Amino acid sequence: MSRCRALPWITVAALLGGCGSAGNSPAVDPLDGLRQQAGGALSRYDRAVRAAGGAPFVPVGELTRQLGDWEPANGSYKESLSAGRVEAASTLPVAPQQAGTIVWANGIRQDVPLISADEALAKLRAAGTGDCSGCAPLKLTGARLTTMTVPTTRGPATAPAWEYTLDGTTVRLARVAVDPSAIVRVTPPPRDADHPHAGLAIESATTTMAGSELTVTFTGVPGPSSKPCGADYEAEAVESDLAVVVIVIEYRHAKDEACPAIGAQRNATVKLSRPLGERAVLEVTQGVPVALTITG
Numbered sequence: 108m109s110r111c112r113a114l115p116w117i118t119v120a121a122l123l124g125g126c127g128s129a130g131n132s133p134a135v136d137p138l139d140g141l142r143q144q145a146g147g148a149l150s151r152y153d154r155a156v157r158a159a160g161g162a163p164f165v166p167v168g169e170l171t172r173q174l175g176d177w178e179p180a181n182g183s184y185k186e187s188l189s190a191g192r193v194e195a196a197s198t199l200p201v202a203p204q205q206a207g208t209i210v211w212a213n214g215i216r217q218d219v220p221l222i223s224a225d226e227a228l229a230k231l232r233a234a235g236t237g238d239c240s241g242c243a244p245l246k247l248t249g250a251r252l253t254t255m256t257v258p259t260t261r262g263p264a265t266a267p268a269w270e271y272t273l274d275g276t277t278v279r280l281a282r283v284a285v286d287p288s289a290i291v292r293v294t295p296p297p298r299d300a301d302h303p304h305a306g307l308a309i310e311s312a313t314t315t316m317a318g319s320e321l322t323v324t325f326t327g328v329p330g331p332s333s334k335p336c337g338a339d340y341e342a343e344a345v346e347s348d349l350a351v352v353v354i355v356i357e358y359r360h361a362k363d364e365a366c367p368a369i370g371a372q373r374n375a376t377v378k379l380s381r382p383l384g385e386r387a388v389l390e391v392t393q394g395v396p397v398a399l400t401i402t403g
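Just so you know, we're using the working numbering here: the sequence shown kicks off at 108 and counts up by one.
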């Protein structure tokens, strides 16, 4: 697609330049800022991997899961959990062994150190917002070591987890039991003038074991650029040895259309310089990893 025919709009950032013409000064590439942002994300990810000793376990999303639905009479429990208002009503167990095993869907296994049910509970509480002054704390009545499926940058994995029972409800809570030293966690930069969090965030990615094409999904506008309020999308990858940041480029139907705020799942495919392998896929706005599906 010619960029002079349909100028790209980089989501939440102003258009920095158009297509140049003879006799004019060179146009500013509107992607330069996002490429720099992507480079910063790769550097932060590399540091996070080194801090974890090169650990390959990079979970995506929350490490706590609710099992079951709250009963009508326990509607306030949801707010208590969100706030991290959870406490043990009795002594919780330690792990029956020092190490456990993470198993990926492709059969790859990784031994990892484990933490106690008390330590996992402390992590669960720390992940809460703390904002629930009127909430009664949830009472844990027991815990057992089991497993849970976790989305990761290498596809879904089965990881050791503590499963907690609660007083007054059939809902249970599960929390990954892997020691934080073996988990790669990326902290987004603060949102300020140096880190504007510009761009369009991808939500997931799909590739094949040996292929070098990567398809990403994201929320865009429903229709194509040939229709009013529509858009077409392309993707560009910024790569390192440990990760790939995907920049989504949007080509709008027109600049000043008044359009409804309706989103739809869209996708775009980018060609990598080599197969993804064990590298993570990061979204560009905050540099955090997204879930990966490997097919074929």
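All C-beta atoms in this analysis are idealised placements derived from N, C-alpha and C, irrespective of residue type, glycine included. What you are looking at is a predicted structure, and each value in this text was computed from that prediction instead of being measured.
Beta-carbon proximity of residue i to residue j, cut-off 8 Å
i	j	result
Thr272	Thr248	yes
Val351	Leu307	no
Thr171	Arg282	yes
Trp211	Gly262	yes
Ala295	Gly394	Just to set this straight, residue 295 is Pro in the shown sequence, not Ala. Yes.
Glu169	Pro244	no
Glu385	Pro163	yes
Ala344	Leu379	yes
Ala268	Ala250	no
Ser223	Ala196	no
Val397	Ile309	yes
Pro329	Ala371	yes
Asp139	Val219	no
Asp153	Leu349	yes
Val377	Ala338	no
C-alpha gap between residue i and residue j, whole angstroms
i	j	result
Gly130	Ile356	Confidence in Gly130 is poor, its pLDDT being 46 and thus under 50, which makes the residue's placement unreliable; the coordinate value appears in the next sentence. Whole-angstrom Cα-Cα distance: 27 Å.
Ile369	Thr326	10 Å
Trp116	Thr265	Confidence is the limiting factor: at Trp116 the pLDDT is only 46, short of 50, which leaves the residue's position unreliable and the question unanswerable from this model.
Lys362	Arg298	27 Å
Ser128	Arg359	Low confidence applies to Ser128: its pLDDT is 40, below 50, so where it sits in the model is not reliable enough to give any reading.
Thr314	Thr402	6 Å
Asn213	Trp177	34 Å
Gln205	Ala387	28 Å
Arg151	Ala180	45 Å
Arg279	Arg381	43 Å
Leu141	Ala305	7 Å
Ala317	Pro200	43 Å
Ala229	Tyr340	43 Å
Thr254	Thr208	10 Å
Ile215	Leu399	15 Å
Gly182	Leu252	27 Å
Glu270	Cys336	47 Å
Ser184	Thr256	With the sequence shown as reference, residue 184 is identified as Tyr, and Ser is not the correct amino acid for it. Rounded to the nearest angstrom, the two C-alpha atoms are 24 Å apart.
8 Å contact criterion, which residue i and residue j should meet: CB distance rounded
i	j	result
Thr260	Val165	4 Å
Val323	Ala289	28 Å between Cβ atoms; not a contact.
Ile354	Ala145	6 Å
Min CB distance residue i to chain B below 8 Å
i	result
Gly237	Chain labels in this structure do not include chain B; a single protein chain is all it has.
Complete runs of the beta strand (DSSP E) confined to the stretch 320-396 [at least 3 residues] | 320-327, 338-346, 350-359, 371-378 and 387-390
Fully enclosed by the stretch 205-233, which alpha helix (DSSP H) runs are 4 residues long or longer?
-> 224-233
Residue ranges of each beta strand (DSSP E) run of no fewer than 3 residues wholly in the stretch 244-302, ordered along the chain?
-> 245-257, 264-273 and 279-283
Quick one: any contact between the stretch 217-237 and the stretch 173-191, if contact means 3 or more CB pairs under 8 Å?
-> yes
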